[in-house]
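The sequence shown maps to residues 1 to 283 in my numbering.
Glycine is no exception: its CB is placed at the ideal position from the N, C-alpha and C atoms.
Model, not experiment: these values are computed from the prediction.
Each remark here refers to the structure printed beneath this line.
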Amino acid sequence: MQQDRYVIRSMTRPEFDLALDWAAAEGWNPGPHDAAAFHAADPEGFLIGLLGGQPVAMISAVRYGSGFGFIGFYIVRPNFRGQGYGLQIWNAAMARLAGRTIGLDGVVAQQDNYRKSGFVLAWNNARFEGLGGGPRPADGAIVPLSTLPFDAVVAYDRPFFPDDRLTFLRAWIDQPDAVALGVLQGGHLAGYGMLRPCRSGFKIGPLFADSPALAEHLFVALRAQAPEGAPLFLDIPVPHAAALDLVQRHRMTKGFETARMYTGIAPQLPLKRLYGVTSFELG
């Protein structure tokens, strides 16, 4: 019947809010202002599957630069799973990113399914939870990121991502109610991080720094911007021992893991300077 036809198309901007609601229901804890930054990254890159005009599935297939893409937000409403709607929207996402290296942060238990589409495990990421607050450090090397030239932030960020993400980055660090800080060493940017509110508590991401000591300074400064005792989350690459030391030092507890996987040749990211992932949804 016509009314039961399954249609896959790009989301409208208002439908992004639905995507965040679904993500929250899955326990992914998005931020209230994430949608604007996600939309800025690739306005056509968020797909929705409609059955008889009703949304039953969604996925993001975001293009970065000329050679990279990232898949996220892969959700099928529970009562429509196992009927092929998820596979169809997955195939549409893969087709949209054809010819590019593709990354994702997938559920660890689903690795075998992702391998069928050519994905190979690079490493695992893990979410840790602690508490916000604490004294604000009197450290002149910590500065608001907005006081630095945006070009300097883009240049520092560039090695941490496989392709250009300038448009996303500008929207991400400028989102309302967020705090973005940089740390200077010898007058140059040597790390930066951002704290933003989420559906539950606050999340730090990204957290990049040239040394464990600088990462510690940034983390403490960002944590202090969250209300005392509020839930605080940080997603780290598990193979990075110094990042693991940081969360353990601050008595954060481990939640779930994701499998960071790529098609083709995995990008060589500087994991030893990567203390916090920007976003599981967009990389």
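Asked, Found
"Measuring alpha carbon to alpha carbon, tell me which residue in R136, A213, G134, W123 is nearest L246.", "A213"
"Please report how far the alpha carbon of L169 lies from the alpha carbon of V277, in whole angstroms.", "13 Å"
"Cβ of F208 within 8 Å of Cβ of G186?", "no"
"Where L269 and R5 are concerned, what is the direct C-alpha to C-alpha distance, given to the nearest angstrom?", "43 Å"
"Thinking P30 and C198 are a contact (beta carbons under 8 Å), I'd like their distance in whole angstroms, please.", "6 Å"
"Going by beta carbon distance, what residues of the same chain come within less than 7 Å of G118, once the five residues before and after it are set aside?", "T263"
"Quick check: what's the CA-CA separation for I173 versus L50?", "32 Å"
"Where I52 and D210 are concerned, what is the direct C-alpha to C-alpha distance, given to the nearest angstrom?", "Position check: residue 52 holds Gly in this sequence, whereas Ile was assumed. In a straight line, the C-alpha of G52 is about 52 Å away from that of D210."
"Measure the beta-carbon distance from P227 to G133 and round it to whole angstroms, keeping in mind my assumption that it falls under 8 Å.", "6 Å"
"Would you tell me roughly how many angstroms separate the C-alpha atoms of R273 and F80, rounded to the nearest one?", "41 Å"
"Beta strand (DSSP E) containing V143: first to last residue?", "142–144"
"Who are the Cβ neighbours of M1 in its own chain at under 6 Å, not counting the five residues just before and after it?", "The pLDDT assigned to M1 is 43, lower than 50, so where the model puts this residue is not dependable; a value taken from the coordinates is nonetheless given after this. So the list is empty, once near-sequence residues are dropped."
"What did DSSP end up calling Q2 once you bin it into helix, strand or coil?", "Confidence at Q2 is low in this model, with a pLDDT of 47, below 50, so the placement of that residue is unreliable and no value is reported for it."
"Tell me which residues share the same chain as L166 and place their Cβ nearer than 8 Å to its Cβ, disregarding the 5 neighbours each side in the sequence.", "V154"
"What separation, rounded to the nearest whole angstrom, lies between the Cα atoms of P239 and A37?", "28 Å"
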